[in-house]
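Residue numbers (the working numbering): 1 to 100.
All C-beta atoms, glycine included, are put in the ideal place defined by N, C-alpha and C.
In structure tokens form, the structure reads like this:
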């Protein structure tokens with residue numbers, strides 16, 4: 001404007017920590033959304049395939065879903081460990097009764 005630069009904002013340690021935790025949580029949510037989307041697409045494909053070959057994909061389906069579930073659990077466990085180490089509380093899991 002008149003040769004002066006606007007003052008730079010200094011981020012406090014608390015703000016930085018909250019921002020980093022929020023970014024980690026957002027990343028976790030995006031990963032969860034991606035996994036759900038992939039799972040839905042896979043189920044739709046299996047249902048379409050199942051119309052042509054009833055029961056033919058049973059072994060293939062069991063083989064596909066089990067490793068995917070294990071991968072999701074590992075990802076979730078890693079996230080909880082990461083957040084615990086960072087000093088954050090892990091995401092709370094609600095029971096069906098609490099959710100309604």
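Worksheet item: Taking C-beta to C-beta, are residue 24 and residue 82 nearer than 8 Å?
Response: Counted from its first residue, the chain shown places residue 24 at position 24. Counted from its first residue, the chain shown places residue 82 at position 82. Their beta carbons are under 8 Å apart, which means residue 24 touches residue 82 by this criterion.
Fill in: Span separating the alpha-carbon of residue 30 from that of residue 4
Residue 30 sits at position 30 when you count from the first residue of the chain shown. Residue 4 sits at position 4 when you count from the first residue of the chain shown. If I take the Cα positions, the gap works out to 40 Å.
Item to complete: Can you grab the Cα-Cα spacing for the pair residue 36 / residue 98, in whole Å?
Response: In the chain shown, the residue the question calls residue 36 occupies position 36. In the chain shown, the residue the question calls residue 98 occupies position 98. For residue 36 and residue 98, the distance between alpha carbons rounds to 22 Å.
Worksheet item: What is the residue span of the alpha helix (DSSP H) that residue 97 lies within?
Response: To locate residue 97, count along the chain shown from 1; it is residue 97. Residue 97 -> alpha helix (DSSP H) spans 96 to 99.
Worksheet item: Do residue 79 and residue 28 have their C-beta atoms closer together than 8 Å?
Response: Counting from 1 along the chain shown, the entry for residue 79 is found at position 79. Counting from 1 along the chain shown, the entry for residue 28 is found at position 28. Cβ distance < 8 Å, so residue 79 and residue 28 count as in contact.
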